[in-house]
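Protein chains in written order, with this note's numbering: chain A, 1 to 386; chain B, 387 to 605.
These notes are about the structure you will find just below.
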């Protein structure tokens, strides 16, 4: 009991954050967006879209990245870390939807895009893709429940459907990860030149792959500590090397784009945007250089801090696109209200708590039991009987 | 400034969590004592404490507390290597895998390697043993320990160690295999009441130190 206080500390923090989030939710429901946010007609998208949605969807990208690697490209050695990554993705998408409910002026109409089609709208595509991908993730996570309950026959059916599901998930993810960037293609005059680019969809997609890998390392580190599981360091080191390559591609694209559009000079002008631009670049470039070194990848702590930097660099980019880059043109200065911060923190805290509960009651860290386990034995028995 | 707010908020949480786990580990490491009374059993004259778990490559692991283990080499390995002049150990922070070659020992320009009996992150290295390699032979289960390792899943890795009920048989087989190479050694052991000589290798003329250790340490 001597060392129980860190757990008690985090439980207290969780309860405090949750209490503040519940109160903020009450203000949001009773007072509307005006009472609960610092948003305005000039600045309609703030923390809830910039962080909860844009970052949330990206941070959940580890699911499709690893599922594609293992199930489509058949890199089976990464199988032990697929399940936690898919669970993280599923919870991440659920929480993105919850966050969206806060930001919508009429949250009860969230289902409208599904029946009132506007195929020319990027947001329509994002709404459909997120809905479908969350459904796909549900079916990818559901085998854990079946395994836990010991239902082998439906588990075998689910396993047979896994490859089509994974393919659908990868296609849907590719579509909407990039489409989130496409949302900002309609504001070329409003978004700062350091961030506005026709390549935004491509940059959003590549950065989603990088942060998906980083989140897998981040989640594995914390799971190892929290649940006493072995850290799959050789696998994570492999992910670290891949991450370095993806970051190199991302940075090459980023600077090639700035140079192509002739706005590289704006990156040295003394302005708040410049500082935040270099913060974003620094948080991407530094871990890239470090991860190219084998000695960094061999040390779990170094690998972990590199993953943290990549995540922070990604968050900085998404918030620079959605908030920093929009401020100057809108003429408004935006800083989130305490209620916005509380709701965001509560959503993140709920994500951690849900993951912990799922890891406690579901076989998240166990290797996938071959669905054939059930039917395979009778087949062997029959063959023997023949 | 929203960017800074978000990054600093999450950085605060992450740093607090990191420092708390570091502090907890540091307290746990500081509260462990390398020298303790181990219930000693003898197999063919070699000490084989019962509390320890052994890797077939002649390294041992002692569970200090949950997820924290102490690691060293057994007396058979220490006697076989004899007068080593220098050794290399993995640095703190490095992740080692069970069965991975992590210890290097040097004698007369030759090198011997030994494997890790467990998997985890090295949190402390016995600098005294590094300075004075003779400690390994003098007190392999006490002041001659080599590493403290944070092993998140020490239960799983312990399944690959020599089962407790087979330790005596395993050690006896290793000793007999060595004595078959030089029967004189058995006599040397018996000379002082059954304890092995300080330097078993010295009694094996014509043998290659590296090859001999490779065979017994599974490297």
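For each residue, glycine too, the CB sits at the ideal point set by N, CA and C.
Owing to the predicted nature of the structure, the values given are computational and were not obtained by experimental measurement.
Determine whether the beta carbon atoms of residue i and residue j lie at a separation below 8 Å.
i: residue 329(A); j: residue 232(A); result: no
i: residue 87(A); j: residue 348(A); result: no
i: residue 39(A); j: residue 32(A); result: no
i: residue 263(A); j: residue 198(A); result: no
i: residue 59(A); j: residue 92(A); result: yes
i: residue 439(B); j: residue 544(B); result: yes
i: residue 418(B); j: residue 475(B); result: no
i: residue 110(A); j: residue 94(A); result: no
i: residue 24(A); j: residue 12(A); result: no
i: residue 279(A); j: residue 243(A); result: no
i: residue 173(A); j: residue 307(A); result: no
Could you tell me which chain B residues have their CB closer than 9 Å to the CB of residue i, listed as they occur along the chain?
i: residue 67(A); result: In chain order: nothing, as chain B lies at least about 25 Å away.
i: residue 95(A); result: The contacting residues do not exist; residue 95(A) stays about 15 Å from chain B at best.
i: residue 282(A); result: Under the 9 Å cutoff, chain B gives no residues; its nearest Cβ is about 12 Å from residue 282(A).
i: residue 47(A); result: 388, 391 and 392
i: residue 343(A); result: Residues of chain B passing the Cβ test: none, with the nearest at roughly 13 Å.
Which residues in chain A have a C-beta closer than 8 Å to the C-beta of residue i? List them in chain order.
i: residue 481(B); result: 231, 233, 298, 299 and 300
i: residue 505(B); result: 230
i: residue 542(B); result: 230
Where does residue i sit, in a helix, a strand or coil, going by DSSP?
i: residue 458(B); result: strand
i: residue 169(A); result: helix
i: residue 37(A); result: coil
i: residue 532(B); result: coil
i: residue 345(B); result: Residue 345(B) lies beyond the stretch modelled for chain B, which goes from 387 to 605, so this question has no answer here.
i: residue 122(A); result: helix
i: residue 110(A); result: coil
i: residue 506(B); result: strand
i: residue 482(B); result: strand
i: residue 448(B); result: strand
i: residue 490(B); result: strand
i: residue 576(B); result: Any answer about residue 576(B) is weak, because its pLDDT of 48 lies below 50 and its placement is not dependable; what the coordinates show is given next. Note: residue 576(B) maps to helix in three-state DSSP.
i: residue 292(A); result: coil
i: residue 158(A); result: helix
i: residue 427(B); result: coil
i: residue 404(B); result: helix
i: residue 387(A); result: Because residue 387(A) is not part of the residues shown, which for chain A are 1 to 386, the question remains open.
i: residue 83(A); result: helix
i: residue 138(A); result: helix
i: residue 440(B); result: strand
Please compile the residues from chain B whose C-beta is within a distance smaller than 8 Å of the C-beta of residue i.
i: residue 323(A); result: 388 and 389
i: residue 316(A); result: 389 and 393
i: residue 146(A); result: What residue 146(A) touches in chain B: nothing, since even the nearest Cβ is about 25 Å away.
i: residue 336(A); result: 388 and 391
i: residue 312(A); result: 393, 396 and 397
i: residue 50(A); result: 388
i: residue 320(A); result: 389
Give the interface partners of residue i over in chain A, defined as CB-CB distance under 7 Å, in chain order.
i: residue 546(B); result: In chain order: nothing, as chain A lies at least about 12 Å away.
i: residue 513(B); result: Under the 7 Å cutoff, chain A gives no residues; its nearest Cβ is about 20 Å from residue 513(B).
Please classify residue i: is it buried, with 16 or more other beta-carbons within 10 angstroms of its beta-carbon, or exposed?
i: residue 473(B); result: buried
i: residue 103(A); result: buried
i: residue 229(A); result: buried
i: residue 69(A); result: buried
i: residue 178(A); result: buried
i: residue 115(A); result: exposed
i: residue 252(A); result: exposed
i: residue 334(A); result: buried
i: residue 600(B); result: exposed
i: residue 361(A); result: exposed
i: residue 221(A); result: buried
i: residue 129(A); result: buried
i: residue 493(B); result: buried
i: residue 401(B); result: exposed
i: residue 305(A); result: buried
i: residue 327(A); result: buried
i: residue 519(B); result: buried
Mind listing the chain A neighbours of residue i? Cutoff is C-beta to C-beta under 9 Å, in chain order.
i: residue 538(B); result: 224, 225, 227, 228, 229, 230 and 231
i: residue 594(B); result: By Cβ distance, chain A contributes nothing, its closest Cβ being about 31 Å from residue 594(B), past 9 Å.
i: residue 608(B); result: Residue 608(B) lies beyond the range of chain B shown here (387 to 605); nothing can be said about it.
Which chain B residues are close to residue i, counting only those with a beta carbon under 7 Å from its beta carbon?
i: residue 187(A); result: Correct list: empty, because the minimum Cβ distance to chain B is about 17 Å.
i: residue 308(A); result: 400
TODO: Spell out a yes or no on whether the stretch 461-469 of chain B and the stretch 266-285 of chain A are touching, meaning 3 or more CB-CB pairs, one atom from each, closer than 8 Å.
DONE: Output reads no: the stretch 266-285 of chain A does not touch the stretch 461-469 of chain B.
Open item on the list: Under 8 Å: do the stretch 295-315 of chain A and the stretch 392-402 of chain B share three or more Cβ pairs, one atom per stretch?
Closed with: With a cut-off of 8 Å, the stretch 392-402 of chain B and the stretch 295-315 of chain A count as touching, because enough Cβ pairs lie within range.
- [ ] Would you check if the stretch 515-533 of chain B and the stretch 407-419 of chain B touch, i.e. whether three or more CB-CB distances between them fall below 8 Å?
- [x] Contact between the stretch 407-419 of chain B and the stretch 515-533 of chain B is absent, because fewer than three Cβ pairs lie under 8 Å.
- [ ] Would you be able to state if there are at least three C-beta pairs under 8 Å between the stretch 434-453 of chain B and the stretch 242-259 of chain A?
- [x] Contact between the stretch 242-259 of chain A and the stretch 434-453 of chain B is absent: fewer than 3 CB-CB pairs across the two stretches fall below 8 Å.
Open item on the list: Any contact between the stretch 337-347 of chain A and the stretch 13-22 of chain A? By contact I mean 3 or more CB pairs, one from each, below 8 Å.
Closed with: These segments touch.
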